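In the numbering used here, the protein residues as written are 46 to 669.
Everything on this sheet refers to the single structure shown next.
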Amino acid sequence: MCGIAGYIGPRNAVEVVYDQLKRLEYRGYDSAGVAYLNGGGTIHVVKRAGKLGELGKVLWDGDGTPESGGGPGGEGIDVPHLAIAHSRWATHGGPTDENAHPHFDRYGDVALIHNGIIENYLDLKGELAAAGHSFESETDTEVAAHVIGQEYAKGVPLEEAVRQAVRRMRGAFAFVAFSKRERDKFVAARNASPLIVGLGQGENMVASDIPALIPYTREVVAVEDDRIAVLERDGVRLMDLEGKPVPLESFHVDWDVEAAEKGGYEHFMLKEIHEQPDVIRGALAGRIDDKGRVRLDQVFGDHVWQDIDRVNIIACGTAYHAGLMGKFLFERLLQLPTDVFFSSEFRYGDPILSPKSLAVFVSQSGETLDSLAALRLCKQRRIRTLGVVNVVGSSIARECDRTVFTQAGPEISVASTKAYTAQCLVLMLLALHIAQVKETPGVRIDEAVADLRAFAEKAEVCLRLEDEVKALAERFKGAPLVFFLGRNADAHVAREGALKLKEIAYIPTQESPAGEMKHGPLALVEQGTLAIFGATDADVREKTVSNVREVQARGGFVVAVTTEGDDSLDGVAEAVLKVPASRSAYLNALLSVLPMQLFAYYVAKAKGCEIDQPRNLAKSVTVE
Ligand code: F6R
């Protein structure tokens with residue numbers, strides 16, 4: 046996700062924040078910018094699309110490094126002592142110079158950088174526009190800068206302006222701002238996006254993540270939600286949203302840099318599995334309004350949805366598995382005929398495409414060549430196209446008629462985990478959006494929205510199964526073959542569980558709908574064969590229990606993933622993992638992917654595999 050850096054102190058502040066951004070590079074970004082105060086009290090800003098080196102070239106007029114001379118603090122040039130900097134991973138608006146941070150308020154007094162999403166930015170932008178404000182970028186950040194500027198124009202100190210502005214914004218965000226009228230401080234605010242203050246001697250700093258701070262200090266404060274921090278050279282103050290002071294509670298970091306990048310986790314994959322509660326919040330952010338209605342601004346107008354008679358979901362690998370979940374929902378909820386294609390097959394399969402159909406491209410990277418080629422084919426055939434993509438500015442995102450972003454943040458581990466969960470959620474939002482537009486009978490938007498709102502917390506509870514899963518992984522690390530089975534949506538999630546185990550632990554798997562076992566795969570079951578059953582769907586549970594018995598009768602060892610409150614597999618399966626239940630069969634099944642991801646991770650770890658970079662695989666597959 047985006048990176049934040051801020052510094053005040055005796056060093057060359059621009060060099061410090063630039064170095065801090067470099068230390069956050071591993072998280073991925075597509076543009077960067079810096080704002081600093083010079084001795085005369087003017088704010089300088091430099092922003093560039095692309096990698097940090099592009100910004101460095103402008104800052105230092107050399108090879109993009111401070112050592113190459115010139116620039117802020119160079120010979121005969123003031124050394125700046127206050128700077129903020131940002132590396133942006135595009136969400137609102139593409140990765141351009143204009144959209145890069147910092148942004149300014151209407152009067153050019155306040156510079157602001159921001160991580161996260163401001164959900165009500167369109168409403169705020171409307172209010173500001175009505176009051177005569179105009180904007181240079183497409184970002185929600187510029188709107189936030191104007192809101193702060195509006196408060197600041199009332200003559201209050203900057204921290205007060207930020208505090209009042211934060212109270213007007215909804216969403217998950219972290220800000221850092223400074224003003225040319227108050228040159229001895231900068232102000233940071235947090236609401237659900239990470240923000241870490243670093244405490245130094247005669248210098249203080251802030252960043253979105255610990256690795257950026259480690260070379261400068263190891264005394265850090267993890268700023269909590271709804272807090273404002275005021276950073277001066279000789280001290281840091283914290284307050285709550287009522288303006289009341291809050292004590293600073295710092296801790297000492299003794300991680301090395303690599304451990305810090307992984308947030309203390311041993312691998313990015315484990316970190317990304319654990320990020321899923323936040324990813325769920327991120328995928329929903331700004332997409333459910335105050336009235337409990339789904340709001341997807343990026344999709345087609347209502348008349349288009351009335352016209353669409355069929356959906357084709359086209360994707361590869363994990364994204365294909367998310368597509369299967371999409372089919373389940375589109376057909377169940379909307380009675381909208383839906384097919385799911387592997388991108389690599391779609392192109393050469395001479396697909397029959399109704400002119401009224403919609404082609405949905407699901408992709409984390411937005412660069413998968415097979416998916417891109419299938420998209421181009423649909424465009425040639427003048428079929429409407431919609432992307433469900435994680436990386437803003439990627440080819441698929443740019444070339445689709447419309448794109449809904451999964452807002453999962455950069456995924457670094459080759460094996461996809463959090464992107465899958467976000468893809469499934471966005472497909473659910475899409476189905477609910479269509480149901481709203483078409484007023485589909487029997488669809489309870491209020492109930493679905495309530496279930497979605499409670500989902501992140503359920504994912505948190507689900508992650509507490511980790512120790513149980515780890516013990517099972519230890520026991521089955523030597524398995525020659527593992528079955529992944531289920532019915533309905535559970536069967537689709539089982540495929541994803543199997544793919545995870547295959548790709549990172551190199552264990553052959555057999556995944557199939559549970560009812561299909563007796564038509565062939567059952568022949569592979571021997572004494573001790575492990576079969577993991579997704580069994581969250583109450584409608585078919587009795588059938589699933591029968592399939593469990595079939596496997597056990599041949600000596601199989603069954604691990605069942607079911608929902609809390611269901612006891613039908615207690616005492617039947619050899620091990621039962623229970624995930625928190627909601628009304629939605631779709632969400633229950635989706636939640637069961639978390640223990641399956643953890644299982645794959647811990648088996649791979651027990652086997653000593655290269656977890657984040659499994660053999661033969663790449664994160665972005667740009668070859669046919
Ligand atoms: C599996 C995995 C791959 C990708 C597939 C599509 O863990 O990551 O199967 O899902 O290569 O990639 P994207 O989603 O980038 O199009």
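The beta-carbon is built from N, C-alpha and C at its ideal position, and this holds for glycine as well.
It should be emphasised that the depicted structure is a prediction, and the values quoted were computed from it without experimental measurement.
Exercise for review: Confirm the yes/no value for this check: CB of LEU414, any heavy atom of ligand 1, distance under 7 Å.
Suggested key: LEU414 Cβ: outside cutoff for every heavy atom of ligand 1.
Check your understanding: DSSP on MET473, reduced to helix/strand/coil?
Key -> When secondary structure is reduced to three states using DSSP, MET473 falls in the helix class.
Check your understanding: Out of curiosity, what's the CA-to-CA distance linking GLU412 and ASP285?
Key -> For GLU412 and ASP285, the distance between alpha carbons rounds to 43 Å.
Exercise for review: Express the C-alpha separation of SER238 and ILE695 in angstroms, rounding to a whole number.
Suggested key: Any question about residue 695 goes unanswered here, given that the chain covers just 46 to 669.
Check your understanding: According to DSSP, which residues form a beta bridge with ARG235?
Key -> For ARG235, which the question treats as bridged, DSSP gives the partners ALA219 and ARG272.
Review point. Is ALA453 near ligand 1, judged by its Cβ being under 7 Å from some heavy atom?
Key: False, no ligand heavy atom lies under 7 Å from that Cβ.
**Study point:** Member of ARG586, ALA501, GLU264 and ARG338 whose CA lies at the smallest distance from the CA of HIS478
**Key:** The shortest C-alpha to C-alpha distance from HIS478 to any of ARG586, ALA501, GLU264 and ARG338 is the one to ARG338.
Review point. When you compare only the Cα positions, how much space is there between VAL407 and ASP142?
Key: Approximately 28 Å between the Cα atoms of the pair.
Practice item. Tell me whether GLU131 is buried or exposed, calling it buried when 16 or more other Cβ atoms sit within 10 Å of its Cβ. Key: It should be noted that the sequence gives His, not Glu, for residue 131. Per the 10 Å Cβ criterion, buried.
**Study point:** Any residue whose CB is nearer than 5 Å to a heavy atom belonging to ligand 1, listed in chain order
**Key:** After applying the 5 Å Cβ criterion, the set is CYS361, GLY362, THR363, ALA364, SER408, GLN409, SER410, THR413, ALA460, SER461 and VAL666.
Check your understanding: GLU60 to TYR81, Cα distance in whole Å?
Key -> So the alpha carbons of these two residues sit roughly 11 Å apart.
**Study point:** Residue closest to ASP582, alpha-carbon to alpha-carbon, out of VAL538, GLY243, ALA495 and CYS47
**Key:** Nearest in C-alpha terms to ASP582, of all of VAL538, GLY243, ALA495 and CYS47, is VAL538.
Practice item. Would you check if the region 544 to 559 and the region 642 to 650 touch, i.e. whether three or more CB-CB distances between them fall below 8 Å? Key: Contact annotation: the region 642 to 650 touches the region 544 to 559, with at least three C-beta pairs closer than 8 Å.
Practice item. Ignore the nearest five residues each way along the sequence and tell me which others in SER399's own chain have a CB closer than 7 Å to its CB. Key: For SER399, the CB contacts under 7 Å within the same chain, skipping 5 residues up- and downstream, are ASP354 and ARG355 in chain order.
Point to revise | DSSP three-state assignment for THR581, whether helix, strand or coil | key: Of the three classes helix, strand and coil, the one that applies to THR581 here is coil, per DSSP.
Point to revise | Segment contact, 8 Å Cβ cut-off, at least three pairs: the region 586 to 598 with the region 614 to 630 | key: Counting Cβ pairs under 8 Å, three or more are found: they touch.
Practice item. Kindly indicate which residue of THR554, TYR551, GLY601 and ALA626 has the alpha-carbon position closest to the one of ALA580. Key: Each of THR554, TYR551, GLY601 and ALA626 was checked against the Cα of ALA580, and the nearest Cα belongs to ALA626.
Exercise for review: In the DSSP assignment, find the unbroken alpha helix (DSSP H) run with SER388 in it and report its ends.
Suggested key: Taken as a continuous stretch (DSSP letters only), the alpha helix (DSSP H) holding SER388 covers 388 to 391.
Point to revise | Terminal residues of the beta strand (DSSP E) in which PHE180 lies | key: Looking at the DSSP string, PHE180 is not in any beta strand (DSSP E), and its letter there is neither H nor E.
Practice item. Could you name the residues that DSSP lists as bridge partners for SER402? Key: Secondary-structure assignment with DSSP links SER402 through a beta bridge to ARG355.
Exercise for review: Go through the region 148 to 201 residue by residue and report every complete run of the beta strand (DSSP E) that reaches 3 residues or more, in order.
Suggested key: Counting only runs of 3 or more, we get 155 to 163.
Exercise for review: Note down, in chain order, each residue of its chain lying with its Cβ closer than 7 Å to the Cβ of PHE387, except the 5 sequence neighbours on either side.
Suggested key: Excluding five sequence positions before and after PHE387, the CB atoms of its chain that fall closer than 7 Å to its own CB belong to CYS361 and TYR365, given in chain order.
Point to revise | Cβ contact check for the region 453 to 472 and the region 316 to 325: 3 or more pairs under 8 Å | key: Verdict: yes, contact present.
Practice item. Would you mind reading off the limits of the alpha helix (DSSP H) that contains LYS547? Key: Note, LYS547: alpha helix (DSSP H), 534 to 550.
Check your understanding: With burial defined as no fewer than 16 other Cβ atoms inside 10 Å of the residue's Cβ, what is the status of GLN351: buried or exposed?
Key -> Exposed, since its Cβ has fewer than 16 Cβ neighbours within 10 Å.
Practice item. Measure the alpha-carbon distance for LEU636 versus SER179 and round it to whole angstroms. Key: Spanning the alpha carbons of LEU636 and SER179 requires a straight line of approximately 43 Å.
Review point. In terms of residue numbering, what span does the beta strand (DSSP E) encompassing PRO558 cover?
Key: Its beta strand (DSSP E) spans residues 554 to 558.
Practice item. At 3 residues or longer, and completely inside the region 284 to 360: list those beta strand (DSSP E) runs for me, N to C. Key: Listed in chain order, they are 355 to 360.
Exercise for review: Could you say which of PRO659, THR136, ILE656 and GLY95 lies nearest to GLN343 if we only look at CA atoms?
Suggested key: Cα-wise, what sits closest to GLN343 is THR136.
Practice item. For ASP185, count neighbouring C-beta atoms within 10 Å of its own C-beta (all shown protein chains included) and say buried if the count is 16 or more, exposed if not. Key: Residue environment: ASP185 is assigned as buried (16 or more neighbouring CB atoms within 10 Å of its CB, all protein chains considered).
Check your understanding: Do PHE578 and ALA559 have their C-beta atoms within less than 8 Å of each other?
Key -> Contact: yes.
Check your understanding: Rounded to the nearest angstrom, how far is the Cβ of TYR197 from that of SER224, given a contact under 8 Å?
Key -> With a beta-carbon spacing of about 7 Å, TYR197 and SER224 fall inside the 8 Å limit used to define contacts.
**Study point:** Local Cβ density within 10 Å of PRO55, reported as buried at 16 or more and exposed below that
**Key:** With fewer than 16 other CB atoms across the displayed protein chains lying within 10 angstroms of its CB, PRO55 is exposed.
**Study point:** Inter-residue CB distance, PHE375 and THR383 (contact presumed, cutoff 8 Å)
**Key:** Their Cβ separation, rounded to whole angstroms, is 4 Å, which keeps PHE375 and THR383 in contact under 8 Å.
Check your understanding: Which two residues bound the contiguous beta strand (DSSP E) that contains ARG93?
Key -> Looking at the DSSP string, the run of the beta strand (DSSP E) that includes ARG93 is 88 to 94.
Review point. What residue does the beta strand (DSSP E) around THR607 start on, and which one ends it?
Key: That run of the beta strand (DSSP E) goes 602 to 608.
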